[in-house]
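Colleague:
There are 2 protein chains.
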Amino acid sequence: MDLKSLSTPALILDRAVVTRNTTRMAEKMAAHGIALRPHLKTAKSARVAELATSGHDGAITVSTLAEAEYFLDHGFSDITYAVCVVPGKLAQAAALMKRGADLKLLTDSVETARAIADADHGVTFKVLIEIDSGDARTGLLADDPNLIEIGTILNGAQSAELAGVLTHGGHSYGADDVDGIKRIAEDEREAVVEASARLRQAGLPCPTVSAGSTPTAVHGENYDGLTEMRPGVFVFFDLDQLARDACSREDLALSVLASVVSHNRHIGQIVIDAGALALSKDISANERWPQVGYGSVCDPDSMEPLEGLNVAKVSQEHGVIPVTGEDDYARLPVGSLVRVLPNHACITAAAYDRYHVVEGTQIVDEWDRVNGW
Amino acid sequence: MDLKSLSTPALILDRAVVTRNTTRMAEKMAAHGIALRPHLKTAKSARVAELATSGHDGAITVSTLAEAEYFLDHGFSDITYAVCVVPGKLAQAAALMKRGADLKLLTDSVETARAIADADHGVTFKVLIEIDSGDARTGLLADDPNLIEIGTILNGAQSAELAGVLTHGGHSYGADDVDGIKRIAEDEREAVVEASARLRQAGLPCPTVSAGSTPTAVHGENYDGLTEMRPGVFVFFDLDQLARDACSREDLALSVLASVVSHNRHIGQIVIDAGALALSKDISANERWPQVGYGSVCDPDSMEPLEGLNVAKVSQEHGVIPVTGEDDYARLPVGSLVRVLPNHACITAAAYDRYHVVEGTQIVDEWDRVNGW
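Note that the protein sequences, when read in sequence, are chains A and B. The numbering of the first sequence is the working numbering, which starts it at 70 and goes up by one. The numbering of the second sequence is the working numbering, which starts it at 70 and goes up by one.
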């Protein structure tokens, strides 16, 4: 079957590229003697998880309990849920543990730590303390007094076990260049290693010292003191990662297949049936490359970019591509196919319930994914 | 059951507000003697469709063939698919017609019209010609010579029937004020009525003269020559419509329930578990109201806005709310609930497979929705 057999818009995944991306990351982490715990928030697919954990021990990271349940159902039991848990989700977490999940939870809050310590769900929750290594989202600074307080609360509780510390160097996405990413990789490492040292000095256990983002996993050079890395978007990469020098163009595994639905000659634009839902409204690559808009338009077979053609505007089911000249209409007649490279693979993929997996231009498989919460 | 029983993030729909919004629109259209063909691209839910078509004849508009199939399965057969069709989707459209759908297709293309005229799927496709009344997306200008050519191709074909003309005054979203919306409503009407007159002068039939956007349906005063209006987001409204004076604050029916997962005091922010996926990256209301960011934070019970609290940044599963002072931490402890008003209901709702329907703070029902393509 070829691409013409699909109804558009459709999510296309290049198996050779995913395999190359995941193999390269697994080999780099193995060479550094560090465990790879890929963050499956991007792919949300068991078939991609199999590739991403190959050569490692099958440990994974998730961003929702719906992902945790899906991956447990698909044979992945060593799961870190890397968003701070709230007390209201402990019952759901305990239910997964009773079904066999070796689940690690996350917190940066004294109040949540107390709720976990006081919980009575018939399980012992393994809990990581989140460290803010510069991302400025969640997490404690490594020298925050609450670090020892939370560690002490968890370590002393029957219903909890202090599993270690975790950070996400997400500010690596905002680095100016590869040297900037390398500096942030070192900041990320130092912060979480410092936190682990403080816990141990206080007589508390800290078996896990977890860091990771795709840029810091790609460009980091020193993982001393860490036990694992948790990159996510490296499985597919995207225009945003490309703009930030975290990958090369041939590493982009994900694209959206779309049909040309209209030639609007009085405006000078071609319109496709991939809009705000099919591409998402994420324009993160525009910070570096404002010209790419909502996505870069490519030949559907060769995946070569069609010079100057980008999705400049979207409405719910329409993507607008300003033409560069009269030739574009002939090159892309109404009904013809294009493939659009998205800004941010994690966000675009979330609109779809499956990947159409290709080798070259042939559809060779269909892989499911889990969405929602 | 109250909101505390839900796992967050969750999509909350206020039944009293939806009922009021849909009743008001139905009454206005009935008072003008014009059919209401609500655009279900926003709600994608049969239960909302029942409310939105109440008092009218059950005709609806959809933005995908997946919606058409879902609504057909739920007893809605009079369906306009209001995105230009491509030849590759005709087989799927024909299959729905054979199952009982009275489906209307759309085109602005001579090439597509020829493909429809030459199609051999055992059905007669009813086809509307799209007119660009100023939205500058798809559609022909009312005086485009292709209008008559497409009409002639379709009218002369065994496999097609010329059903009329359709326009969407989507540029009403960009109007400066209510007077601007009223002017665009008149432009929208005039363009599609002019196109219908040209077809009839050429001896071609034009039974349907269809227009509509929520702002032009709310503020329009003259529908002479139109047969139907197709507003969509009016069922829920949202911050973007509120910013554009298309509704009042009490008309906002949709919100996202989220939990506070972290207090990041070294930055000065509260973090919730509703991020780029749960809220979407749509920030359309920011054009008028840059302060609302990714959403306005409200008390979960009263739905009163928490003064000064908005989601300023999102990552995939995190929403960051800068605090206005130390009191905010006490007001919103870790684990507490908030409800966030989204910028754009159509895009936010697409991340969810169901609505948790409330009356006041009590959950009274769960309504499904259809996503994907």
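For glycine and all other residues, C-beta sits at the position ideal for the given N, C-alpha and C. Model, not experiment: these values are computed from the prediction.
One question on the structure: do residue 186 of chain B and residue 232 of chain B come within less than 7 Å of each other, judged by their Cβ atoms?
Modeller: Against a cut-off of 7 Å, the Cβ pair of residue 232 of chain B and residue 186 of chain B comes out as no contact.
Colleague: Provide the residue span of the alpha helix (DSSP H) that contains residue 140 of chain A, from first to last.
Modeller: Per DSSP, residue 140 of chain A belongs to the alpha helix (DSSP H) from 134-142.
Colleague: On the CB-based measure, 16 or more other CB atoms within 10 Å of its CB, does residue 335 of chain A come out buried or exposed?
Modeller: Flag for residue 335 of chain A reads exposed.
Colleague: Quick check: what's the CA-CA separation for residue 174 of chain B versus residue 438 of chain B?
Modeller: If you take the alpha carbons of residue 174 of chain B and residue 438 of chain B, they lie about 22 Å apart.
Colleague: When Cβ atoms are compared, which residues of the region 138-164 of chain A fall closer than 8 Å to chain B?
Modeller: Listed in sequence order: 152, 153, 154, 155, 156, 157, 158 and 161.
Colleague: Output the distance between the C-alpha atoms of residue 265 of chain B and residue 190 of chain B, rounded to the nearest integer angstrom.
Modeller: Going from the Cα of residue 265 of chain B to the Cα of residue 190 of chain B covers about 28 Å.
Colleague: Answer with yes or no whether the minimum CB distance from residue 187 of chain B to chain A is below 7 Å.
Modeller: Not an interface residue.
Colleague: With burial defined as no fewer than 16 other Cβ atoms inside 10 Å of the residue's Cβ, what is the status of residue 136 of chain A: buried or exposed?
Modeller: That one is buried.
Colleague: What are the boundary residues of the beta strand (DSSP E) that includes residue 323 of chain A?
Modeller: Start and end: 323-333.
Colleague: Any beta carbon from chain B within less than 7 Å of residue 82 of chain A's own beta carbon?
Modeller: No, residue 82 of chain A lies away from the interface with chain B (no Cβ there is under 7 Å from its Cβ).
Colleague: Run down chain B in chain order and give the residues with a C-beta less than 7 Å from the C-beta of residue 340 of chain A.
Modeller: Those within 7 Å of residue 340 of chain A in chain B are 206 and 207.
Colleague: Could you check whether the Cβ of residue 210 of chain B sits closer than 7 Å to any Cβ belonging to chain A?
Modeller: At least one chain A Cβ lies under 7 Å of residue 210 of chain B.
Colleague: Cβ of residue 309 of chain A within 7 Å of Cβ of residue 353 of chain A?
Modeller: It is a contact, given that the beta carbons lie within the stated cut-off.
Colleague: Looking at the C-beta of residue 200 of chain A, does it have a partner C-beta in chain B at a distance below 7 Å?
Modeller: Chain B contact via Cβ: absent.
Colleague: State the DSSP-derived secondary structure class of residue 364 of chain B, mapped to helix, strand or coil.
Modeller: Residue state, collapsed to three classes: coil.
Colleague: Between residue 398 of chain A and residue 392 of chain A, how many whole angstroms is the CB-CB distance? I'm expecting something under 8 Å.
Modeller: Correct: roughly 7 Å between the Cβ atoms.
Colleague: May I ask you to list the residues that DSSP assigns as paired with residue 425 of chain B?
Modeller: Answer is B/81 and B/435.
Colleague: Can you find a CB in chain B that lies within less than 7 Å of the CB of residue 386 of chain A?
Modeller: By this cut-off, residue 386 of chain A is an interface position.
Colleague: Would you check if there are 3 or more beta carbon pairs closer than 8 Å linking the region 332-347 of chain A to the region 281-297 of chain A?
Modeller: The region 332-347 of chain A is not in contact with the region 281-297 of chain A.
Colleague: So, do the region 407-414 of chain B and the region 365-379 of chain B have three or more beta carbon pairs nearer to each other than 8 Å?
Modeller: Yes, the region 407-414 of chain B is in contact with the region 365-379 of chain B.
Colleague: Would you say residue 416 of chain A reaches chain B, if we count a Cβ-Cβ gap shorter than 7 Å as a contact?
Modeller: Chain B, which has a Cβ nearer than 7 Å to the Cβ of residue 416 of chain A, makes this yes.
Colleague: Thinking C-beta only, is residue 108 of chain B closer than 7 Å to residue 238 of chain B?
Modeller: Contact: no.
Colleague: So residue 201 of chain B and residue 207 of chain B are in contact, right, with Cβ under 8 Å, and what is the actual spacing, rounded?
Modeller: That belief holds up - the Cβ atoms of residue 201 of chain B and residue 207 of chain B are roughly 7 Å apart, short of 8 Å.
Colleague: How do the region 312-321 of chain B and the region 127-146 of chain A stand: do at least 3 beta-carbon pairs fall below 8 Å, yes or no?
Modeller: Too few Cβ pairs lie closer than 8 Å, so no.
Colleague: Using C-beta distances below 6 Å, list every residue in its chain close to residue 434 of chain A, excluding the 5 sequence neighbours before and after it, in chain order.
Modeller: Closer than 6 Å at Cβ, skipping near neighbours: 426.
Colleague: Can you tell me where the beta strand (DSSP E) holding residue 279 of chain A begins and where it ends?
Modeller: Start and end: 277-280.
Colleague: For a cutoff of 7 Å on Cβ pairs, would you count residue 358 of chain B as touching chain A?
Modeller: Not one chain A Cβ lies under 7 Å of residue 358 of chain B.
Colleague: Below 8 Å, can you find three or more Cβ-Cβ pairs linking the region 72-84 of chain A to the region 322-331 of chain A?
Modeller: Short answer: they touch.
Colleague: Report all residues from its chain with a CB closer than 8 Å to the CB of residue 384 of chain B; omit the five preceding and five following residues, and keep chain order.
Modeller: So the qualifying residues of the chain are 344 and 345.
Colleague: Determine whether the Cβ of residue 330 of chain B lies closer than 7 Å to any Cβ atom of chain A.
Modeller: Yes, contact with chain A.
Colleague: Starting from the beta carbon of residue 442 of chain B, find every residue of chain E whose beta carbon is closer than 7 Å, and list them in chain order.
Modeller: The structure shown contains no chain E; its protein chains are A and B.
Colleague: Is the CB of residue 222 of chain B under 7 Å away from at least one CB in chain A?
Modeller: Answer no: the Cβ-Cβ gap between residue 222 of chain B and chain A never drops below 7 Å.
Colleague: Could you check how far apart the C-beta atoms of residue 260 of chain B and residue 285 of chain B are, in whole angstroms? I think they sit under 8 Å.
Modeller: Going by Cβ atoms, the distance from residue 260 of chain B to residue 285 of chain B rounds to 12 Å, so no, they are not a contact pair.
Colleague: Report the rounded CA-to-CA distance for residue 85 of chain B versus residue 396 of chain B, giving the unit in angstroms.
Modeller: Approximately 33 Å between the Cα atoms of the pair.
Colleague: List the endpoints of the continuous beta strand (DSSP E) containing residue 454 of chain B.
Modeller: Chain B is shown from 70 up to 442; residue 454 of chain B falls before or after that span and cannot be answered.
Colleague: Given a cut-off of 7 Å on the beta-carbon distance, is the pair residue 277 of chain B and residue 296 of chain B in contact?
Modeller: Closer than 7 Å, so yes.
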